[in-house]
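Numbering (the working numbering), first residue to last: 14 to 171. Have a look at the structure below, then the notes.
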């Protein structure tokens with residue numbers, strides 16, 4: 014007895030296995046979709062952080078002073094932005110990856126101006142480079158807005 018599978022996911026996986034650059038694009042797209050959403054949701058539940066002050070402990074004092082909200086509520090707004098960024102990467106990585114890179118740059122500035130989080134800033138710099146890599150790969154594998162993908166064009170011509 015054979016089981017049938019959808020050809021779209023199998024096609025993506027087969028292509029990711031056979032084309033290393035496309036495989037990197039898929040991995041980065043999935044990563045920058047799932048991880049920001051998970052981190053954003055956790056801004057409301059504080060399950061992933063071990064800081065005594067939860068996520069607020071990562072907020073530089075000068076940013077907390079600029080925000081009209083409490084540090085906890087500021088981090089909840091950060092969480093919403095992260096969730097939206099993850100969804101945007103899922104929908105249109107060609108553009109959203111640059112937004113994620115800019116967001117990570119802001120996080121890095123926050124961490125570098127707050128003593129004790131230099132290791133996290135360095136990790137986030139690596140993530141920023143990965144987001145820029147996703148943006149470059151998306152310029153090849155994700156069609157611009159208003160333009161159909163190559164596979165859509167070829168299938169509609171038949």
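Every residue gets a Cβ at the ideal spot worked out from N, C-alpha and C, and that includes glycine.
DSSP places residue 95 inside the alpha helix (DSSP H), whose first and last residues are 84-104. The C-beta distance from residue 110 to residue 147 rounds to 4 Å, short enough to fall under 8 Å. Residue 83 and residue 105 have their C-alpha atoms some 32 Å from each other.
With fewer than 16 other Cβ atoms from the protein chains shown falling within 10 Å of its own Cβ, residue 32 counts as exposed.
Annotation for residue 52: 95 place their beta carbon closer than 6 Å to its own, counting only its chain and skipping 5 residues before and after. Under the three-state reduction of DSSP output, residue 129 falls in the coil class, being neither helix nor strand. The beta carbons of residue 49 and residue 99 sit closer together than 8 Å. Per the coordinates, the alpha-carbon of residue 59 lies some 37 Å from the alpha-carbon of residue 156.
Less than 8 Å separates the beta-carbon of residue 35 from that of residue 28. DSSP places residue 78 in the uninterrupted alpha helix (DSSP H) bounded by 74-79.
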